[in-house]
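Reading through the structure tokens given below for one structure.
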Amino acid sequence: SMLREMNVPYEILPDYAEGAFEVLETAYAYMRKEQAPFALLVKKQTFEKYKLSGDQGAFCGSDMLHREEILEHIIDMFPRDPLVTTTGFTSREIFELRASKGQSHE
13 SMLREMNVPY EILPDYAEGA FEVLETAYAY MRKEQAPFAL LVKKQTFEKY KLSGDQGAFC
73 GSDMLHREEI LEHIIDMFPR DPLVTTTGFT SREIFELRAS KGQSHE
């Protein structure tokens, strides 16, 4: 796996509370001791569906930044620096935004 190639230890997060707490304790202990990353892999349907309540308080309104605006701010702050993103939608968005600004992908 990619994590093994990068020498990043990982655990699969169990779908029951006791197991999840054990894995989180292991991850925290490793990160504290080694000052290095630890990955948690989460399988589909590990978490129950969650419906947001109608009142989002501070997280709604016309003055809130949207996803693409936030990513644009990030690449404007780090135009030549490598960015580590997810292996999905965010990576594609960053790629497209950098291409539109003429920035390197290397």
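Residue 13 is where the sequence shown starts when you use the working numbering, and the numbers rise one by one after that.
Even for Gly, the Cβ is constructed at its ideal location relative to N, Cα and C.
Owing to the predicted nature of the structure, the values given are computational and were not obtained by experimental measurement.
By the criterion of at least three beta-carbon pairs nearer than 8 Å, the stretch 48–56 is not in contact with the stretch 82–89. Residue 91 places its beta carbon less than 7 Å from that of residue 115. By the C-beta density criterion, residue 24 is exposed, having fewer than 16 other C-beta atoms within 10 angstroms.
Counting only the Cα atoms, residue 15 lies some 7 Å from residue 21.
Put simply, the backbone Cα of residue 59 is about 7 Å away from that of residue 27. In this model, residue 110 and residue 88 are separated by some 9 Å (Cα to Cα).
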